Structures are given as structure tokens and as C-alpha cells.
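The structure appears right after this line, and notes come after that.
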Amino acid sequence: RGYDFYVPHPPVSGPHFIAVLNTLENYNLPAMSWDDPLAVHIIQQALVLGDVDRRAYISDPEFYDLPYEAFMSKEFAKTRFMAINLSQAFDPASYYDYQGDAYPFADGSTYEEVLLGALESVAANESGVEESPSTTHFSIVDKDGNAVAWTQTISSFFGTSFYFKGFFFNNEMANFASSYREGDVINLTGGMRPRTTICPTIIQKDGKVRWVIGTPGAGRIIPTMVQLAVDLIDFNMPVDQAIRTPKFVGYATYNDLRIEEGYPQTTLDFLEKVLGHQLNVYSYPDLFFGGPNLVSVEENGLMIGAGSIRRGGSASAPEF
């Protein structure tokens, strides 16, 4: 689409975000609308595939040599595009059967070369670990165009519930596997950084900052970030509408499609009765879906800040 995304390195979930966007790049989403059931289906299924894959390919690179660059390659994304059935949702019981094999793409192979080679898939390692929601994000752009996307987390609300001189201690060790699992890339190891779903992002167009985005929300972070990117770029929404648009989730450990109120009933009926999704409809707005705070820099230099409606976010523009 002509945009450059600057995202954090593993064990943070930047590659996961890019991988899902690369999958969606293969669809003509601008021809649809945000409430089109097919658009919801495509994005949700791409999110499920991305979440299954990130559990195998994102960990602390100081401890595991994983092909995260291949995971976020456009060639690998084409195989994920091919895995999505436009007329039927994945069976949640078999999500992990769809894990993609990113290793063959590490040498720059094309998807034709890899698939024709009939290489065996890497076995999926299911992880039930979910990051808990006590996370804060802020986005900043100054008068000179310098931009900061900052996401900070202590994992659960109030972390460990212990604090020292006003600082709460985190309980991020809960993001490791709760017990040892053979072959898992998040087994608890001394000195290893835990994997996290946070993903502060700066988006540029033609070398200039266009948006600074990020959100709290544990396993809903990447789904919300992907929907923000699609809403802003493909559906050409203003920032306040992109934040307010009802959100949904695609996550490997959820057996249902969790979605906020606000979609037309025909969309919900189509998702459930035609595409086979099991819906779990949340009230609107619900903090479960995170709380993005973002800054938009318009072509004329005007800066627009938009705060979360789900978690009491806000925007301000002090005089320079």
C-alpha cells in the first residue's frame, strides 16, 4: 500500500503485526467496508493464523534462533493467504494444524519454490499463556516531527501487587510457560526475556510520519492494531472513527469470534450462519478490546490526537 511500518524486535510482537498485514495485503480490502462480513472473516482468520505462527517464531533471540524475518516475509504471507477459506471459518479445535512453516523462507525462497518442494511442516507447539491486561500506551509527535510510540506493561493489573517508592513490580514471568513443555520457545529460562504481545508502531508515508499508534490489551493488541491499520489505510477512516469502530479478535486460544456490539445484524448472521463462526458479542465499548491512543500527521502538517474510548484515554496539544 506504500506505507512503511516501524515495529519492535522480538521478543516484542512487531513481526507478528507485520505478518498479519502481509497476509491481508493479498486481499482487495479497500473494495469492501469495515462492516462487510467477508472483510471481518478475512481479517479474523488472518489474525488466527498469525497468532498460531507467532507462538512458534517469537521468543528472546538471545536464546532461540528463530526465523522471525521469514515469518514476516511477503512470500511466507502468500502461503497464509492460501490457507484461508473464504466460505468457511477454521474449526477452533484444529487451529494449530494450520501453523505455517517459515523456515524454508529464511533463504529467500519464493512460495512457489517452497510449496513445490513439498517440505514438511514444523510441528505446532500449543501455548495457553495469555498476557494479562495492565498495559499503557502513549503516542507523541513534536513540532519538529520527531515521533515516539511507547507501550509499557507490568502484566496483570497492579503487577505483583507489591510496590517500592511508587513503582509496582511486574509479574511478567507469567508470560513464560506455566510448566516445562518439550520444544516450546517460552520455557522459563534464567536471563531470558518473556515474549509479549505489545507492539508500539510508527507508520510513515514517503519518508514522513503519518501515524503513531499503539494499544494495551494483552492478546487483543495485535487484532486491534491490525484493524486500526486496515481502517486508516484501506477504509480511509479519520482517526476518531478508526478508534471508535467496533473491534473483534482472532486468537489461537479462543474458540469463538469475540466481537463488540455495533456491527449490523446481517453481518453477524452471515458470520455465524454462512461462514460458521461462533460469536461472542461484547457490549460497546468494552476495555477487553484494548485502548489505542494515536497521533495522525496530516499532509498539511496538522497533528490530530485521538485517545481511547475504552480505557479513558485522551489527547492534548500543548503550545510549542
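Count the sequence shown with this note's numbering and you get residues 270 to 589, in order.
All C-beta atoms in this analysis are idealised placements derived from N, C-alpha and C, irrespective of residue type, glycine included.
The model shown is predicted, which means the values in this text are computed figures rather than measured ones.
Query: Inter-stretch contact (C-beta, 8 angstroms, three-pair minimum) for the region 454 to 461 and the region 372 to 386; Result: no
Query: Enclosing alpha helix (DSSP H) for His285 [first to last residue]; Result: 283 to 293
Query: Limits of the unbroken beta strand (DSSP E) element including Ala416; Result: 416 to 422
Query: According to DSSP, residues forming a beta bridge with Ala575; Result: Leu563
Query: Reference Gly286; option with closest CA among Thr470, Phe517, Glu541; Result: Reading off the sequence, residue 286 comes out as Phe, not Gly. Answer by Cα proximity: Thr470.
Query: Per-residue burial, Pro231 [other beta carbons within 10 Å of its own, 16 or more giving buried]; Result: The chain is shown only over 270 to 589; residue 231 falls outside these bounds and no answer can be derived.
Query: DSSP beta-bridge partners of Thr405; Result: Gln421
Query: Residue interval of the beta strand (DSSP E) (run including Thr470); Result: 470 to 474
Query: Inter-stretch contact at 8 angstroms, needing at least 3 Cβ pairs: the region 431 to 440 / the region 491 to 510; Result: no
Query: Nearest to Pro306 (by Cα), restricted to the options Glu451, Leu537, Pro554, Arg464; Result: Leu537
Query: Assigned secondary structure, Asp376 (DSSP; H/G/I helix, E/B strand, else coil); Result: coil
Query: 8 angstroms CB neighbourhood of Leu355 in its chain, flanking five on each side removed; Result: Leu307, His310, Ile311
Query: Buried or exposed (CB count within 10 angstroms, at least 16 for buried), Ile409; Result: exposed
Query: Own chain, CB closer than 7 angstroms to Met341, minus 5 neighbours either side, in chain order; Result: Pro284, Ile287, Ala288, Asn291
Query: Rounded Cβ spacing between Asn562 and His406 (contact assumed at less than 8 angstroms); Result: 6 angstroms
Query: Beta-carbon gap between Val321 and Ala521 smaller than 8 angstroms; Result: yes
Query: Proximity below 8 angstroms, CB of Thr514 to CB of Met506; Result: yes
Query: Continuous beta strand (DSSP E) stretch holding Lys477: start and end; Result: 477 to 482
Query: Length-filtered (4 minimum) alpha helix (DSSP H) runs lying within the region 307 to 379; Result: 337 to 340, 343 to 352
Query: For Gln534 and Ala393, the rounded distance between their alpha carbons; Result: Reliability of the predicted coordinates at Ala393 is poor, the pLDDT of 37 falling under 50, and the value obtained from them is presented with this limitation in mind. Cα to Cα, the separation comes out at about 36 angstroms.
Query: Beta-carbon separation (whole angstroms), Ile490 vs Ile467, contact threshold 8 angstroms; Result: 6 angstroms
Query: Same chain, Cβ closer than 6 angstroms to Ala418, neighbours up to 5 away in sequence not counted; Result: Ser408, Pro469, Thr470, Ile471, Val481, Gly483
Query: Residue of Phe504, Gly576, Ala339 minimising C-alpha distance to Val564; Result: Gly576
Query: Local conformation of Pro277 per DSSP, three classes; Result: coil
Query: Same chain, Cβ closer than 7 angstroms to Pro277, neighbours up to 5 away in sequence not counted; Result: Gly283, Cys468, Pro469
Query: Rounded separation between Ser583 and Phe350 - CA only; Result: 37 angstroms
Query: Pair within 8 angstroms by beta-carbon distance, Ala315 and His546; Result: no
Query: Best match in Arg464, Glu331, Arg527 for proximity to Arg323 [C-alpha to C-alpha]; Result: Arg464
Query: Residue range of the unbroken beta strand (DSSP E) whose run includes Leu537; Result: Leu537 -> not in any beta strand (DSSP E); alpha helix (DSSP H) instead, spanning 534 to 538.
Query: Continuous alpha helix (DSSP H) stretch holding Arg527: start and end; Result: From DSSP, Arg527 is part of no alpha helix (DSSP H) but of the beta strand (DSSP E) over 526 to 529.
Query: Own chain residues within Cβ distance below 8 angstroms of Arg270, not counting five before or after; Result: Glu294, Ile502, Asp503
Query: Terminal residues of the beta strand (DSSP E) in which Leu548 lies; Result: 548 to 551
Query: Closest residue to Gly486 among Lys347, Asp555, Ala339 (Cα-Cα distance); Result: Asp555
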